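Peer 1:
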Amino acid sequence: MALTGLEIYKHLPKTNCKDCGFPTCLAFAMKMATKQVSLDKCPHVTAQGKAALESASRPPIQLVVIGTGSAEIKIGNETQLYRHEEKFHRPTALAVRISDTLDDGALASRAEAVGKLAFERVGVRIGVNLVAVDNASRDAARFEKAARLAAEKSGLACVLMSADAERLRRAAAALSGQRPLLYISDSAQAEAAARVAKDESCPLAIRGEGLEALAELTGKINALDVEQIVLDPGARSLKATLEALTKIRRLSLKNFRPLGYPIIAFTTATDPTMQAVEASTLVAKYAGIVVTDACEKWQLLPVLTTRQDIYTDPQKPVAVESKLYSVGEPGTDAPVLVTTNFSLSYYSVEGEVEASRIPAYILSVDTEGTSVLTAWASDKFNADSITKALKKSEVEQKVAHRKLVIPGFVAVLSAGVEDESGWSVLIGPKEASGISSYLKKQWSPN
Ligand code: SF4
Numbered sequence: 017m018a019l020t021g022l023e024i025y026k027h028l029p030k031t032n033c034k035d036c037g038f039p040t041c042l043a044f045a046m047k048m049a050t051k052q053v054s055l056d057k058c059p060h061v062t063a064q065g066k067a068a069l070e071s072a073s074r075p076p077i078q079l080v081v082i083g084t085g086s087a088e089i090k091i092g093n094e095t096q097l098y099r100h101e102e103k104f105h106r107p108t109a110l111a112v113r114i115s116d117t118l119d120d121g122a123l124a125s126r127a128e129a130v131g132k133l134a135f136e137r138v139g140v141r142i143g144v145n146l147v148a149v150d151n152a153s154r155d156a157a158r159f160e161k162a163a164r165l166a167a168e169k170s171g172l173a174c175v176l177m178s179a180d181a182e183r184l185r186r187a188a189a190a191l192s193g194q195r196p197l198l199y200i201s202d203s204a205q206a207e208a209a210a211r212v213a214k215d216e217s218c219p220l221a222i223r224g225e226g227l228e229a230l231a232e233l234t235g236k237i238n239a240l241d242v243e244q245i246v247l248d249p250g251a252r253s254l255k256a257t258l259e260a261l262t263k264i265r266r267l268s269l270k271n272f273r274p275l276g277y278p279i280i281a282f283t284t285a286t287d288p289t290m291q292a293v294e295a296s297t298l299v300a301k302y303a304g305i306v307v308t309d310a311c312e313k314w315q316l317l318p319v320l321t322t323r324q325d326i327y328t329d330p331q332k333p334v335a336v337e338s339k340l341y342s343v344g345e346p347g348t349d350a351p352v353l354v355t356t357n358f359s360l361s362y363y364s365v366e367g368e369v370e371a372s373r374i375p376a377y378i379l380s381v382d383t384e385g386t387s388v389l390t391a392w393a394s395d396k397f398n399a400d401s402i403t404k405a406l407k408k409s410e411v412e413q414k415v416a417h418r419k420l421v422i423p424g425f426v427a428v429l430s431a432g433v434e435d436e437s438g439w440s441v442l443i444g445p446k447e448a449s450g451i452s453s454y455l456k457k458q459w460s461p462n
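Using the working numbering, the letters of the sequence shown correspond one by one to residues 17 to 462.
#1: Would you say the beta carbon of T50 is closer than 7 Å to some non-hydrogen atom of the ligand FMN?
#2: Give a single yes or no on whether D180 has its beta carbon closer than 7 Å to a heavy atom of the ligand SF4.
#3: Just to confirm before moving on: does the CB-CB distance between K419 and S440 stay below 8 Å?
#4: State the DSSP-derived secondary structure class of A416, mapped to helix, strand or coil.
#5: Is the number of C-beta pairs between the region 352 to 361 and the region 375 to 390 that are closer than 8 Å three or more?
#6: Relative to the C-alpha of V138, which residue among T321, L97 and C41 is closest?
#7: Using three-state DSSP, classify Y302 as helix, strand or coil.
#8: Just the Cα atoms here: how many angstroms apart are L227 and K214?
#9: Indicate the three-state DSSP secondary structure (helix, strand or coil) for K214 in the structure shown.
#10: For the putative contact between N145 and I200, defined by C-beta atoms under 8 Å, what is the C-beta separation to the nearest angstrom?
#11: How about S203 and R223: do their beta carbons lie closer than 8 Å?
#12: Closer than 7 Å to a non-hydrogen atom of the ligand SF4 - does that hold for the CB of H14?
#13: In angstroms with no decimal places, state the Cα-to-Cα distance between R323 and Q52.
#14: Is it the case that the CB of N151 approaches a heavy atom of the ligand SF4 more closely than 7 Å?
#15: Per the contact definition of three or more C-beta pairs closer than 8 Å, is the region 107 to 126 in contact with the region 340 to 350?
#16: Within a Cβ cutoff of 8 Å, which residues of the same chain sit near L69, ignoring the five residues on either side of it in sequence?
#17: Keeping to the same chain, check which residues put their C-beta closer than 6 Å to that of T284; ignore five residues upstream and five downstream.
#18: Work out the CA separation of A45 and L269 for me, nearest whole Å.
#19: Note the first and the last residue of the continuous alpha helix (DSSP H) segment covering Y362.
#20: Let me know the alpha helix (DSSP H) ranges lying completely inside the region 264 to 308, each 4 residues or longer, listed in chain order.
#21: Does the count of Cβ pairs from the region 396 to 416 and the region 155 to 174 closer than 8 Å reach three?
#22: State yes or no: is the C-beta of H60 nearer than 7 Å to some heavy atom of the ligand SF4?
#23: At what residues does the beta strand (DSSP E) containing R113 begin and finish?
#24: Using the C-alpha atoms, what's the distance from Q244 back to A134?
#25: What are the start and end residues of the alpha helix (DSSP H) that includes C41?
#26: Decide yes or no for the touch test of the region 283 to 299 against the region 74 to 93: beta carbon pairs closer than 8 Å, at least 3 of them.
#27: Nearest to C58 by alpha carbon, out of P75, A67, C33 and A256?
#28: Within a Cβ cutoff of 7 Å, which residues of the same chain sit near I422, ignoring the five residues on either side of it in sequence?
#29: Is the beta carbon of A281 closer than 8 Å to that of L261?
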């Protein structure tokens, strides 16, 4: 948990010298507690005070880095149980499992497909982050080759999963310098795997049957000088996994250091729809990594959408810049559609305009990132704000007509917008899904 101002104050020099730019040490401590200033602004803090503050303010959940370069993924470092208190920081890494029992051709094409599992949603690229190579063959040479192929063909960082530490050593050596996550499923081999992780500078995921066993194991692993740890609580039913995930999160936020690590969780359903449901549930409830067999686009899009929603900042609406956007190459007869600057609203309209293949202008009005009806209800999307945005955009210099298409849900604004702007208002469809058909069948600049 974050330190309070008073807890920080105890470790400051208490001289009120003002060298940090604050009138008192207490004022400085209060600002530090809200992360508005860092400790290095106080030049007088003692080494002892600094050490105490750094150790006490260490995140309760270890930051773990997997992969390198553009494939690098960071998990952990979370500080909250509830996202309304402060956003969750490190989105769950999604890993698709590939068995090393597949032949080379099948494995390579599956890895390549996994690497391409990405989508554009509300202007953000979202996709699978990791490829999990499962040593189901129990063969060291096969595992090593599968690891190489999966990494090369997917372009993603790897999770190497085995029950045997020596097989892990061989596969990890094959990916030397690429920092795969080593997952050892046999807890009896966790210490041997920790030596491999240390030798290869890789993070290590360990499985323990229950939280007590896990806590005991992390102590042993730490003693081998390995801190980059990921926890698998061993449960495999969704109910038991959720229970374990929640308990670990609660305990780690209470600074119970033996469990202060990110968690890896697995989907176990064989039904494809349930695989997506399980993965989404685990994303929503604290999993740092979710390993799944789901690899179809229709399965992963809802999981990635859930992740994107969970890891946005609930205190900051997701907004696009408020301005005039061109879709295609609109000419002087192009339609002008108005919407709000809520990302989802804007991108829904943009997607439908693109689908219509009719070049158009979209005017995004600043409604502080709220959707059409919410903005209208709070009087942020009104005749005044639309007219101001229209004038600021200077769209009248780009089109020959004076017709503005407003969302059907706010048809009530039409008279006011016409009065204030002097433009004719056309009532567009209520839902963005109707825009393509509207532009093709009803839009006319004349
Ligand atoms: Fe206190 Fe340090 Fe600020 Fe001086 S510089 S007022 S000692 S916090």
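From the three backbone atoms N, C-alpha and C, an ideal C-beta is built for every residue, glycine too. Predicted, not measured: the structure shown is a model, and the values here were computed from it.
Peer 2: Put simply:
#1: Of the ligands one can find in the structure shown, namely the ligand SF4, none is the ligand FMN.
#2: no
#3: For K419 and S440, yes; Cβs fall inside 8 Å.
#4: coil
#5: yes
#6: T321
#7: coil
#8: 24 Å
#9: Taken through DSSP and simplified to helix, strand or coil, K214 comes out as helix.
#10: In fact, because the Cβ distance is near 21 Å, the residues do not count as touching under 8 Å.
#11: Yes, Cβ-Cβ distance for S203 and R223 is below 8 Å.
#12: The requested residue 14 is not part of the displayed model; the chain covers only 17 to 462.
#13: 28 Å
#14: no
#15: no
#16: L19, I24, H27, L55 and V61
#17: R252
#18: 22 Å
#19: S359 to S372
#20: 288 to 300
#21: no
#22: yes
#23: A109 to S115
#24: Taking the straight line from one Cα to the other gives about 27 Å.
#25: C41 to A49
#26: The way I'd put it, the region 283 to 299 doesn't touch the region 74 to 93; fewer than three beta-carbon pairs between them come closer than 8 Å.
#27: In this structure, C33 is the residue among P75, A67, C33 and A256 with its C-alpha nearest to the C-alpha of C58.
#28: V354, L429, S430, V433, V441, I443 and G444
#29: yes
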